[in-house]
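Colleague: In our numbering, the protein residues as written are 310 to 662.
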Amino acid sequence: MKARIKELRDEIDRINRELLALLSERGEIAREIGRLQTELGLSHYDPVREAEMLDYLTRENPGPFPAETIKHLFKEIFKASLTLEEAEDQKTFLYSKKAHPEPTIVEAGPARFGAEKLVIAGPCSIESAAQMEETAAFLAQKGVKVLRGGAFKPRTSPYAFQGLGVEGLKIGRAAADRHGMAFVTEVMDTRDVEVVAEYADILQIGARNMQNFALLKEVGRAKKPVLLKRGMSATIEEWFYAAEYILAQGNDRVILAERGIRTFEKWTRNTLDLSGAVLAKQETHLPVVVDVTHAAGRTDLLAPLARAALAAGVDAVHVEVHPNPLVALSDNRQQLDFAGFERFFEAIRDLLG
Ligand code: PEP
Ligand code: MN
310 MKARIKELRD EIDRINRELL ALLSERGEIA REIGRLQTEL GLSHYDPVRE
360 AEMLDYLTRE NPGPFPAETI KHLFKEIFKA SLTLEEAEDQ KTFLYSKKAH
410 PEPTIVEAGP ARFGAEKLVI AGPCSIESAA QMEETAAFLA QKGVKVLRGG
460 AFKPRTSPYA FQGLGVEGLK IGRAAADRHG MAFVTEVMDT RDVEVVAEYA
510 DILQIGARNM QNFALLKEVG RAKKPVLLKR GMSATIEEWF YAAEYILAQG
560 NDRVILAERG IRTFEKWTRN TLDLSGAVLA KQETHLPVVV DVTHAAGRTD
610 LLAPLARAAL AAGVDAVHVE VHPNPLVALS DNRQQLDFAG FERFFEAIRD
660 LLG
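(1) Got a sec? Which residues, its chain only, sit under 7 angstroms from alanine 551 by beta carbon, not counting five neighbours each side?
(2) Within the present structure, is the beta-carbon of aspartate 646 separated from the nearest heavy atom of the ligand MN by less than 8 angstroms?
(3) Tell me the rounded alpha-carbon separation between valine 628 and cysteine 433.
(4) State yes or no: is the C-beta of alanine 509 nearer than 8 angstroms to some heavy atom of the ligand PEP?
(5) At the level of alpha carbons, what is the spacing between asparagine 325 and alanine 586?
(6) To the nearest angstrom, how far is it from the Cα of glutamate 495 to the Cα of glycine 515?
(7) Using a 10 Å radius around the Cβ and a threshold of 16 neighbouring Cβ atoms, would you call isoleucine 321 buried or exposed?
(8) Label tyrosine 554 either buried or exposed according to how many other C-beta atoms from any shown protein chain fall within 10 Å of its C-beta, with 16 as the threshold for buried.
(9) Grab me the residues of arginine 358's own chain with a C-beta within less than 7 angstroms of its C-beta, minus the 5 sequence neighbours each way, in chain order.
(10) Using only CA atoms, which one of Glu337, Leu393 and Asp498 lies nearest to histidine 353?
(11) Taking its Cβ as the centre, do 16 or more other Cβ atoms sit within 10 Å of threonine 602, making it buried, or is it exposed?
(12) Note down, in chain order, each residue of its chain lying with its Cβ closer than 6 angstroms to the Cβ of valine 599, except the 5 sequence neighbours on either side.
(13) Can you give the Cα-Cα distance for alanine 543 and serine 584, rounded to whole angstroms?
(14) Which of the three DSSP states, helix, strand or coil, is assigned to serine 584?
(15) Is serine 466 close to the ligand MN? I mean its beta-carbon at under 8 angstroms from any heavy atom of the ligand.
(16) For the 8 angstroms Cβ check, are there 3 or more pairs between the region 483-502 and the region 464-471?
(17) Out of Lys400, Phe650, Phe447 and Lys462, state which residue places its alpha-carbon closest to the alpha-carbon of aspartate 609.
(18) Specify the secondary structure class of glutamate 416 as computed by DSSP and reduced to three states.
(19) For the 8 angstroms Cβ check, are there 3 or more pairs between the region 638-648 and the region 429-446?
(20) Using CA coordinates, which residue listed in Glu547, Leu403, Gly662 and Pro632 is at the minimum distance from threonine 593?
(21) Tell me whether phenylalanine 374 is buried or exposed, calling it buried when 16 or more other Cβ atoms sit within 10 Å of its Cβ.
(22) Beta-carbon separation of valine 455 and valine 563 under 9 angstroms?
(23) Along the chain, which unbroken stretches of the alpha helix (DSSP H) at least 4 residues long are found entirely within the region 583-639?
(24) List the endpoints of the continuous beta strand (DSSP E) containing isoleucine 657.
(25) Hey, would you say alanine 506 sits closer than 9 angstroms to alanine 523, going by beta carbons?
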């Protein structure tokens, strides 16, 4: 008797294996159908076809399972197949490592974002040719390859210094050229993209414009790398979607910059979201920068935050440096003077290169 049970169980095992093989074959075919439907823009769920299948399955059901049980079992199979078909639909975002497993390297002047650890430094605003020359000369001699400086400034008050505009672009370009540096500067308006792209090596999209979709599309069409700052209240997903807008226009030279997010905290200007920067490294193939200046808004935190960011794997840190921060026309409490930058640089030097 026991031997007979064993024999029958062996039969069940054989049938289970055959069912598994058939289910897998069915799954592969469903997946192929899903791919074709996606290509043709057709919907995967076809209730008429499903009703037809259930109809003939119950009609041809030889028993011993009742029709309801057969229906129930096959409905589960249909559901699982639909999930497979829909999986084919899940768009692979251009920012994602799934679309591009190799890290993207963005070249700008002498800098190779993603291939070396970099420092971006320079004043918040470009104020004069002398200020930019002094700053560029000092930074270049330290080995800094990327010079920043705002010509179009997004100021909270409309009455605050708005930047020198095109004159500032010319000053920044000339200072960077004299010292063999790349020049990054913010563009705030679609109408300025062309002129900013003429002078800058990297177009910066500021935090306040991260979801200015017209601007994102416009820099996506520009033939220049883009430094995309995370909005101060943007989720990580929104930040990645903003990058997608640029990538989708055919510009694959996007650098992501975490610059602190707005929280309830008052002792820092913003809260550096290191998790956001690390997730950007993990989820995307794009180079990632941490802007410690705008994150902290105070100079005493810059070195420890930059060390943490570099140790966590980001590609570059960004700091504001001014020959005389006290008289700077913007962000004067958060910029480093040259001595401060020397201390900052010494403190992070072992993590660069
Ligand atoms: C800046 O870089 O000077 C600036 C305004 O930055 P954010 O857009 O991150 O505030
Ligand atoms: Mn600033």
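Note that beta-carbon positions come from the ideal geometry of N, C-alpha and C, so glycine has one too.
Modeller: In brief:
(1) Met519, Gln520, Leu525 and Leu537
(2) no
(3) 9 angstroms
(4) no
(5) 48 angstroms
(6) 6 angstroms
(7) exposed
(8) buried
(9) none
(10) Leu393
(11) buried
(12) Glu567, Ala586, Ala618, Val623 and Val626
(13) 14 angstroms
(14) helix
(15) no
(16) no
(17) Phe650
(18) strand
(19) yes
(20) Leu403
(21) exposed
(22) no
(23) 583-592, 601-605 and 611-620
(24) Note, isoleucine 657: premise wrong, no beta strand (DSSP E); alpha helix (DSSP H) at 647-657.
(25) no
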